[in-house]
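K.L.:
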Amino acid sequence: MSEAMLLGRDEAMAICERALAASRADETEVNLLAAAEGLTRFADNHIHQNVAETNYHVIIRAAFENQVGIATTNDISSDGVEDALRRATVLAEVASPDERYPGLPAPGEQPTPLNGFTATAEFDAARRAQAARICIKVAKERGQSAAGACSTGVSAHAVANSLGVLAWQESTRANLRMVFSGDDSSGYAAKYAEDASEIQPRALAETAAGKCKRSANPKPFDPGRCDVVLEPAAVADMIWFLGISAFGGLAYHEGRSAISGRLGEQVCGDNIALIDDPLDPRGLRRAFDFEGVPCSRVELIADGVTGAVVHDSRTAKLEDARSTGHALPPSSSHGPVPMNLFLRPGGAAMDEMVGATDRGLLVTRFHYTNLVDPSAAVLTGMTRDGIFLIENGEVAGGVRNLRFTEAILEALSRVEMIGREGRLASYAWAPPLLIRDFHFSGTTEF
Amino acid sequence: MERLCEKAVEAAGGAGASYADARCIDHRHERIGTKNGATEVLSDERDRGLGVRVIADGSWGFAGTADLSDAGLRAVARRAVDLARAAAPTREEPVQLADAEPVIDSVVAKAEIDPDEVPASERVEILMECDRLMRDEGVDIAEGYISARRINKHFASTEGASIYQERVETGAGLQATSIGEAGAQRRSYPSSHGGQVMARGFELLDELDLPGHAAGVAAEARQLLDADECPSGRMDLILAGGQLALQIHESCGHPIELDRVFGTEAAYAGTSFLTPERLGEFRYGSEKVNITADATLEGGLGSFAYDDEGVPAQRSWIVRDGIFVGYLTSRETAAQLGLESSNGCMRADGWARLPLIRMTNINLEPGSETVEEIIGGTERGIMMEDNLSWSIDDRRLNFQFGCELGWLIEDGEIVGMVRKPTYTGITPQFWAACDAVADEATWRIQGVANCGKGEPGQIARVGHGISAARFRDVEVGVGADE
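Listed in order, the protein sequences are those of chains G and U. Here our numbering is used: the first residue of the first sequence is 8, the next is one more, and so on. Here our numbering is used: the first residue of the second sequence is 10, the next is one more, and so on.
#1: If you run the structure through DSSP and keep just helix, strand and coil, what is U:Leu51?
#2: Distance, Cα to Cα, U:Val334 vs U:Ile371?
#3: So U:Gln409 contacts chain C; which residues on that side make the cut at Cβ distance below 8 Å?
#4: Can you look up G:Trp436 in the DSSP assignment and give me helix, strand or coil?
#5: Of the residues G:Ala154, G:Gly449, G:Ala414 and G:Gly160, which one's Cα is nearest the Cα of G:Met245?
#6: Please report how far the alpha carbon of G:Leu257 lies from the alpha carbon of G:Leu111, in whole angstroms.
#7: Return the CA-CA distance between U:Asp114 and U:Glu168, expressed in angstroms with no decimal places.
#8: Provide the residue span of the alpha helix (DSSP H) that contains U:Cys261, from first to last.
#9: Using the rule of at least 16 other Cβ atoms within 10 Å of the residue's Cβ for burial, across every protein chain shown, is G:Ile266 buried or exposed?
#10: So is U:Ala84 in contact with chain G if we call contact Cβ pairs under 7 Å?
#11: Using three-state DSSP, classify U:Phe333 as helix, strand or coil.
#12: Under 8 Å Cβ-Cβ, which residues of chain G neighbour U:Gly58?
#13: In terms of DSSP beta bridges, what is U:Thr431 paired with?
#14: Looking only at its own chain, which residues have a Cβ that is under 6 Å from the Cβ of G:Ala435, when we skip the five neighbours before and after it?
#15: Between which two residues does the beta strand (DSSP E) containing U:Phe164 stretch?
#16: On the criterion of 16 or more Cβ atoms from any shown chain inside 10 Å, does U:Pro264 qualify as buried, or is it exposed?
#17: Would you call the CB atoms of U:Thr436 and U:Leu406 closer than 7 Å?
#18: Taking the DSSP output, what are the residues bridged to U:Cys443?
#19: Can you say whether G:Val361 is buried or exposed, counting buried as having 16 or more other CB atoms within 10 angstroms of its CB?
#20: Quick check on G:Met20: does DSSP put it in helix, strand or coil?
#21: Do the segment 174 to 191 of chain U and the segment 246 to 261 of chain U touch if we need at least three Cβ pairs shorter than 8 Å?
#22: Rounded to whole angstroms, what's the CA-CA distance from G:Ala363 to U:Gly463? Just pull it up for me.
#23: Locate the alpha helix (DSSP H) running through G:Lys324, then write down its first and last residues.
#24: Tell me, to the nearest whole angstrom, how far the beta carbon of U:Arg144 is from that of U:Asn299; I am working on the premise that it is less than 8 Å.
#25: Does U:Val471 have its Cβ less than 7 Å from a Cβ in chain G?
#26: Taking buried to mean at least 16 other C-beta atoms within 10 Å of its own C-beta, is G:Glu10 buried or exposed?
#27: By DSSP, does U:Gln438 sit in helix, in strand, or in coil?
#28: Can you give me the start and stop residues for the beta strand (DSSP E) that G:Ile67 sits inside?
#29: Rounded to a whole number of angstroms, what is the C-alpha to C-alpha distance between G:Thr331 and G:Ala146?
#30: For a cutoff of 7 Å on Cβ pairs, would you count U:Pro465 as touching chain G?
#31: Hey, is U:Asp395's beta-carbon within less than 7 Å of any beta-carbon in chain G?
#32: So for G:Ile143, helix, strand or coil by DSSP?
#33: Tell me which residues of the segment 173 to 184 of chain U have at least one Cβ-Cβ distance to chain G shorter than 7 Å, keeping chain order.
#34: Does the separation of the CB atoms of U:Gly309 and U:Ile454 fall below 7 Å?
#35: So which residues on chain U does G:Val186 lean against when the C-beta distance must stay under 7 Å?
#36: U:Trp452 CB to nearest chain G CB: under 7 Å?
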């Protein structure tokens, strides 16, 4: 993979070490990121956008005792990095003291070495266009309209600090996502992976086309409480919002989380286990965070009981814990968040879950979900691209889209069946769920 | 920068582009964030690069690079052409652009107080004073932020355009959070999601007078802990503060983006209910509803001299006397719709991203009543201020919003405060129920600095001219329980 990178390990480390050597601050940290990304976007059965970018990002954090300044640049020349170091140092001198500043982390265990996939690095614009053409061909054959995007990227990340932390990882990302539209319906399919060879355009296109066809001529459905089978993309959306609102160390410490002060309590059904595992190969892996701390596996919920939250150095100090390697870039004030969520699968097949539903809905995915009340983990959003009526244990046709408003932990207390086969949707991997009495609060016109 | 753009455009033409433009951008963003007695973020972020957009074989290609050497410029131009050619076989009709007069110009926006004249130490002092005033009121979390952004940009095209623009943006705000049995209750000044942001200098800081509002915003955050829950049911709704800006943003600003209407966002952000056959015919709202798109408003975050296709900034009608009459366009979509020219709404999030149709300043034009008259004419209702949460379907019809605070109104008078109020509706029904818009006395431009769109993701900074407006018989108090 290294030969595909914009920057090799030795060159990156030399840039970081030059900055550390030139610094007059008490503590200095350098994050150096290099990325090359391409994206091919299609709509109305043609490619309308084909883009590529290469860039660098250097983030320097300088501290005098507990006064901290940050500067960034995309100029990795000696002059560019020195200028960023100078700016960070000047800012640190005028910052007000921060008694909660934990100091930079000292070297500890070495992160697990991570490399990306050559197949992704080699998946160029021609291959992306070919994937789009396959999707378009399937849509045209069905009299539908294809829209979507195929993206690939390679990136490298180095972190070094004046206490001796030195970390380096390479990674790759590939993704094909699509919505096929008919006269009054649509269908969705997507695949996220580190290895582009796992992406099967034709199979995904067939899934999207099938959903579009089966959800045609949608019937109205009254909002209210009803049973739902949520497909993995919908479940992943829900647990992602639960993760960022409730299981970050800062929200937990400040009392803004739905589980603040509730570690060790039963918060949902005992069939629920939620884990953040940055090294699980089913996800998009990360070996270390923006402080260079190795990422740890954290059991957030086990048997419905809250286990732990994720930390960076700051929240670890506040909670008298150790960092779990979940720091965001130093200019972020959001605090640490779980970025590699896994909801433990169960043993049910999708057919069994639909079969166990007398009257309910099968939901492909949600759209524009947002937290109505983060401190109670109440979420709202719309269904989209494939919502179906289930009657007497069988899928009985499409219905118009609905709005849901639900307290996520309460919904996870009413999970009756958990699917055995899950999928990755960006930052979360999830199986399908059968949830009783899910709350739909409104409807729309299509 | 001019020479770099010229070289890139020449190289693209030499590689086979029938059209090419280049944008070279120098970007600097300074941010200060304080929290509970300390400077939490003090940063100075800079980047510089160049993006090339081409039409080759009838298709678009775009590439961006930070390598501004001659070799780097030739490579990025060639790459953009290669990308266009890879896309071309799927396109039945070549890209057509509406005409645009090639402009040669230089526009340097002058701030009354240049941010560089106010040292970081002084900015920190302002926020630390606010921090102390907020915490004196007993809030659990006191936060303040000041930002300054400087963008120097050159645009050149194969048609002969060569435009240099410099702009400065300033942002500032406060946020107070109290935590109790009612959960976390937040109040913001002057608006949520980053406060106020405008294309102005640090004179904005003086006008906002953050220290003068710190105690008040903190006191409201404390009072919210004891406020009642929002009642559920149908009643009149008055939107004030930043919430009216977000209502316009989500239910009008996005559905009038013509690229979205033509389906290019279908797989991501969605499409629009404002389809072309509705143009000039569809009743979007009541006769009280008049909405403009205006990139010429002085100081608006969505204001500029030229868009990223080199088209001059314009003011145009979107909704007139309640009828939908206009879109936001690019040169390509204007041609698709049969218009002679674009109304200049193409903007990119920096040099590394392709320009998309973005909102400029989308404004609800002022009405004729005072805010006091609107409240006085409300028998039973809630006035909601400042956004907390937002969600809308992929054609921009069904929306649900949550706000930081609501004021209960009975018999024309405010009688109490409610916490975390919510409301929901269907866009044209909601705007049809608008029976009053407040007058110019309270009209202002609110910046929205976090508008997301596109793949790869882009953030735009846009504006909304707002006062206050009343909507009759709206569903409020939507929660997780029936």
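Every residue gets a Cβ at the ideal spot worked out from N, C-alpha and C, and that includes glycine.
P.N.:
Checking against the coordinates, here is how it stands:
#1: strand
#2: 14 Å
#3: Considering every chain present, this structure includes no chain C. Its protein chains are G and U.
#4: strand
#5: G:Ala414
#6: 17 Å
#7: 14 Å
#8: U:Cys261 -> no alpha helix (DSSP H), and no H or E assigned at all.
#9: buried
#10: no
#11: strand
#12: Asn62 and Asn81
#13: U:Gly411
#14: Ala243, Ile246, Trp247 and Leu348
#15: Ile150 to Ser166
#16: buried
#17: yes
#18: U:Phe480
#19: buried
#20: helix
#21: no
#22: 39 Å
#23: Ser320 to Leu325
#24: U:Arg144 to U:Asn299, Cβ: 43 Å. No contact.
#25: no
#26: In this predicted model, G:Glu10 has a pLDDT of only 48, less than 50, meaning its place in the structure is not dependable enough to derive any value.
#27: helix
#28: His53 to Phe71
#29: 45 Å
#30: yes
#31: no
#32: helix
#33: none
#34: yes
#35: Ala275 and Ala276
#36: no
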